[in-house]
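Residue numbers (the numbering used here): 2 to 386.
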Amino acid sequence: MEIRNSKEDEKKIASYIWRDAFNDDKEYIDWYFENIHKDSNLLLAIEKNKIIGMAYNNSYKFKIENYIDESYYILAVGVVPERRGEGIMKSLLQSSLKNAKENGSISIFLSPIDSNIYTRFGFEYISNLEKYSCSIKNLSQFEKKCKLEIVDEKNIYNLVEFCNRYLESFSLATIKTEQHLKELISETLHENGKSYIVRDTEEGIIGYVSYILKDDVVTVKEILSSCKKGYVSIFNFLYGYSNYYSNIVIYAPTGSNLNLYFKRENSLKKEIIPKMQMRILDVFKTLELLKSRLKSEEKITIKILDDIFEENDGIYEITKEEVKKSKDFIADCEIKVGTLSQIIAGYLNFMDFLKLERINILNEKKIDILDKIIVSKKSYFNQEF
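Right under this line is the structure:
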């Protein structure tokens, strides 16, 4: 079996595999392959000149702490029905990890349908979304504070600036680019949706919303605002659909707490939805991002277990000045590479990891240091392709 990048005349066959594997509608798949597809992003598994599997790896810039990682988002991995269960998906996924690592990425991301499939490969959840649902009539309480403008060529650059400024407070996030937002807006239009910015007369752009209209529901795919009047204006605007749609569903970054803007907080249902998984590819560079959390006199040694990349496996010593690796070090704790993803993302705090038994403490004298450097932080990933 050969695994390689696709060629222009092969994308149609890959689209058939996608449809069989994920049951997406034909119109969406056709839109994707016409507007987003790049041969360099598509890996194919080929045997006897026949395509038997595919993996889509789209390139993105991800902010991890203060580091910008030129990384990849694994959109889809699919295998033809008659060849499933033969290890083809495993080979495609391992090739995706290897290629990303060779290209200098320290991490790789995906949004799983079944998370258990990917934890075997070192992926773990690192980011959630808040999901709100209620009757659209509940939005009648909000008054318009600012005007909304549809996103177009004239204001998209300013929207990029706003989004990245908004995301500065997040430890991990996707770096928004003009091309990225254009693709997202194109997808929204294809799905019978629209995207708007919220503009304040004094402060400029203070918010952004993207939503789709389907069946009896207004689904807000993304909502960002730097202040209350931005959210209030968006809610007032969306209430305008109340004569045509009965319900609204809103996806928002963790910590948005949109229920607090409502007079009756229990008038809408709030859920926490696990969204994104991450896999660390370069342990050494990742641990260097933890250095700043230590004081000059502090030191911690961590044993990392990685079943796929042997070069990641081992014991690392971390001080404020440097990270070193040696088989002669004595480890203070032991973790799997997937747990390292969650630590660097701030997905949980130290006590949470202990309760879940994801950290094996080998030196109890270092618990205070571990408690200080393993802290919960905010992250935001809302990728669909």
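Every residue, glycine too, gets a C-beta built ideally from N, C-alpha and C.
Excluding residues up to 5 positions away in sequence, T302, K325 and F330 lie with their Cβ nearer than 6 Å to the Cβ of E318 in the same chain. If you look at A77, you'll find it in the beta strand (DSSP E) that goes Y68 to V80. Relative to the Cα of Y240, the nearest Cα in the group L45, I370 and F143 belongs to F143. Residues Y61, F63, F382 and Q384 of the same chain have their beta carbon placed closer than 7 Å to that of T175, with the five preceding and five following residues left out of the count. Apart from the 5 residues on each side of it in sequence, I375 sits with its Cβ closer than 7 Å to the Cβ of I344, N350, F351 and F354 in its chain, given in chain order.
Between Y126 and A77, the alpha-carbon positions lie close to 17 Å from each other. In the DSSP assignment, K325 falls within the unbroken beta strand (DSSP E) covering V324 to K326.
For K270, the closest of E35, V250 and K379 by C-alpha to C-alpha distance is V250. DSSP, read as helix, strand or coil, puts N59 in strand. D372 sits in a helix when the DSSP states are folded into three classes. With respect to D333, N364 sits close: the two C-beta atoms are nearer than 7 Å. Assignment of N50 by DSSP, reduced to helix, strand and coil, places it in the coil class. The beta carbon of N59 lies closer than 7 Å to those of N42, Y73, Y74, L76 and F386 in the same chain, with the five residues before and after it left out. A check of alpha carbon separations from S141 across K276, G347, N248 and Y33 identifies N248 as the nearest. The beta carbon of I224 sits closer than 7 Å to those of V210, I235, I251 and A253, all from its chain and outside the five residues before and after it, given in chain order. G339: not part of any beta strand (DSSP E); member of the alpha helix (DSSP H) spanning V338 to A346, first to last residue.
The DSSP-derived three-state label of E28 is helix.
Per DSSP, R20 has no beta bridge partner at all. In the three-state reduction of the DSSP assignment, D216 falls in the coil class, being assigned neither a helical nor a strand state. At least 7 Å separates the beta-carbon of S108 from that of D153. I213 is a Cβ neighbour of E192, given a cutoff of 7 Å.
Between E266 and N258, the CB-CB gap reaches or exceeds 7 Å.
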